[in-house]
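Everything below concerns the one structure shown next.
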Amino acid sequence: MKTIYFIVNPKARNGYCLKIWEQIERQLKIEQIPYLAFFTEYPGHAKKIASQVVTKNKEQKLIIAVGGDGTMHDVMNGIVNDKNTTLGFIPGGSGNDFSRGFHIPSDPVEALKVILRLMKQEPLPIDIGKVTMDDGAKHFFINNMGAGFDAIISYEVNQSRMKALLNKFSLGRLVYVFFLLKKIFTYKTATIDLSIDGNKHIFEQTWFVTVSNQPYYGGGMKIAPSAEPDDGLFDITVVHQLSRLKLLLVFISVFWGKHIHFKEVKTFKGKVILIQSPESLYVHADGEHIGSTPLSIHLQGKAVGVLSRRRGKEKIDMKERDSNDFC
2 MKTIYFIVNP
12 KARNGYCLKI
22 WEQIERQLKI
32 EQIPYLAFFT
42 EYPGHAKKIA
52 SQVVTKNKEQ
62 KLIIAVGGDG
72 TMHDVMNGIV
82 NDKNTTLGFI
92 PGGSGNDFSR
102 GFHIPSDPVE
112 ALKVILRLMK
122 QEPLPIDIGK
132 VTMDDGAKHF
142 FINNMGAGFD
152 AIISYEVNQS
162 RMKALLNKFS
172 LGRLVYVFFL
182 LKKIFTYKTA
192 TIDLSIDGNK
202 HIFEQTWFVT
212 VSNQPYYGGG
222 MKIAPSAEPD
232 DGLFDITVVH
242 QLSRLKLLLV
252 FISVFWGKHI
262 HFKEVKTFKG
272 KVILIQSPES
282 LYVHADGEHI
292 GSTPLSIHLQ
302 GKAVGVLSRR
312 RGKEKIDMKE
322 RDSNDFC
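Using this note's numbering, the first residue of the sequence shown is number 2, and each one after it goes up by one.
Shown next as structure tokens:
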């Protein structure tokens, strides 16, 4: 068996990810799996490590991100131009939406066992998104990106000490709810000029626009119920002309994907998206702040291979899958 590369974020989930890694490492030694582990030391370090791994090793290889969605985001951005790398993920963060969308168990040892089985199969080639900012900077996303209300919530959550506090009690997901309630009464909606594959739309009093590659974001919210990561299309969700009170109802329903039935929620599919607004809006990619509007998004078809049980790659035990939905 070839050496597996692990990129571990020891600070994920307020440091609990380090204990998760200890469990994984014990299992690797028991099963005599050859591996190399690298530990991140600062934001963006995972991208640098992943880039160095692919630069030094041109052969087929497997890189496993151990941490949260931000860790997976950075690792993916580090290997995006290397066709000889397969990605895997062991959830160790507070949100873990990648594991939900790609059917990876929430238990780290079970996730490792699934990865070791999936290594014997061909990886699932998935689409990713390339975001080009107004200044020419480029960022790639694997789960989703958003502009507006959801992006400013993501930004404040990541800057907050409250997230670390709640993570101590395994309540990290609640921090999103807290900041939603905090910002909902002060946030100013905006007019958004949205172009999807050349078709232009103007949305007034817009709360946010989200472009999704898989269903989940924000710690389990099913923002794009029909999104598939390998269908060659993004799912676009626009929430506009909605009262503050009704927005609360939308966010409650989004955990079950029922928000799409509100008349103020518009959904589209497309490959090339342009987002502009009279005032700059916060923008996130996989929950990480990357700048502000205007920007363009281009789908990169089947650009990355991942180890996933999605789309029948491996039969999913329903009990295990249900528990994963609430990891």
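The beta-carbon is built from N, C-alpha and C at its ideal position, and this holds for glycine as well.
Where residue i falls: helix, strand or coil (DSSP)
i	result
Phe252	helix
Asp326	Because the pLDDT at Asp326 is just 37, under 50, the model does not fix this residue reliably, and the value given afterwards should be weighed accordingly. Here Asp326 sits in coil by DSSP.
Asp128	strand
Glu289	strand
Leu119	helix
Lys49	helix
Pro109	helix
Lys270	strand
Val81	coil
Gln160	helix
Leu37	strand
His104	coil
Ser155	helix
Gly306	strand
Tyr6	strand
Gly71	helix
Ile224	coil
Thr294	coil
Ile261	helix
Asn145	strand
Lys62	strand
Asp236	strand
Tyr283	strand
Lys12	coil
Gln301	strand
Gln242	coil
Identity of the residue in the options nearest residue i by Cα
i	options	result
Asp108	Glu280, Ser227, Ala225 and Lys20	Lys20
Asp287	Gly89, Ala152, Leu308 and Gln301	Ala152
Phe150	Phe180, Phe141, Ile261 and His260	Phe180
Trp208	Ala148, Ser100, Leu88 and Met134	Ala148
Ile237	Val251, Gly137 and Val210	Val210
Thr87	Asp70, Gly69, Ser254 and Ala51	Ala51
Asp70	Phe99, Gly89 and Lys49	Phe99
Val176	Lys184, Thr190, Thr187 and Val158	Val158
Pro11	Glu60, Gly68 and Ile64	Gly68
Glu32	Ile64, Arg118, Pro106 and Pro226	Arg118
Thr190	Gly302, Gly16 and Leu282	Leu282
Arg245	Gly306, Pro279, Lys201 and Lys183	Lys183
Asn145	Tyr218, Lys30 and Ile185	Tyr218
Leu308	Asn15, Val115 and Gly93	Val115
Glu60	Leu37, Lys247 and Asn85	Asn85
Phe252	Arg310, Ile154 and Leu275	Ile154
Arg311	His46, Arg101, Ala38 and Ile64	Arg101
Gln277	His202, Gly233, Ser254 and Ala13	His202
Gly94	Leu125, Phe235, Val212 and Tyr17	Tyr17
Pro124	Lys131, Phe186, Leu234 and Ile64	Ile64
Leu249	Pro279, Ile185 and Asn214	Ile185
Other residues of its chain near residue i: CB distance less than 7 angstroms, five sequence neighbours each side excluded
i	result
Leu113	Ile25, Gln28 and Ile91
Glu205	Thr192, His241 and Gln242
Gly133	Contrary to the premise, residue 133 reads as Thr rather than Gly in this sequence. Cβ neighbours of Thr133 beyond the five flanking positions: Lys139, Leu296 and Ser297.
Asp135	Pro295 and Leu296
Glu229	none
Glu289	Gly71 and His74
Same chain, Cβ closer than 8 angstroms to residue i, five either side skipped, listed in chain order
i	result
Phe256	Gly221, Met222 and Lys223
Lys48	Asp75, Val76, Asn78 and Gly79
Pro35	Met2, Lys3, Thr4 and Ile5
Ile368	A question about residue 368 goes unanswered here, because the residues of the chain that appear run from 2 up to 328.
Lys247	Phe263 and Glu265
Other residues of its chain near residue i: CB distance less than 6 angstroms, five sequence neighbours each side excluded
i	result
Ala304	Ile129
Lys267	Val239
Ile291	His140 and Val284
Ala1	Not covered by the structure: residue 1. The range shown for the chain is 2 to 328.
Lys62	Thr86
Gly258	Lys223 and Pro226
Gly306	Thr87, Pro124 and Pro126
Residue i beta carbon near the ligand NAD (any heavy atom closer than 8 angstroms)
i	result
Pro295	For the ligand NAD, the structure offers nothing, since it holds no ligand at all.
Beta carbon proximity, residue i to chain D, threshold 9 angstroms
i	result
Ser244	Absence of chain D from the displayed structure is noted, only one protein chain being present.
Q) Can you list, in chain order, the stretches of the beta strand (DSSP E) that have 3 or more residues and sit fully within the stretch 170-220? A) 191-197 and 200-213
Q) Does the stretch 195-202 come within contact of the stretch 262-278, defined as at least 3 CB pairs closer than 8 angstroms? A) yes
Q | Touching by the beta-carbon criterion (3+ pairs, under 8 angstroms), the stretch 37-52 and the stretch 111-125 | A | no
(Q) Between the stretch 53-70 and the stretch 291-304, can you find at least three pairs of beta-carbon atoms closer than 8 angstroms? (A) no
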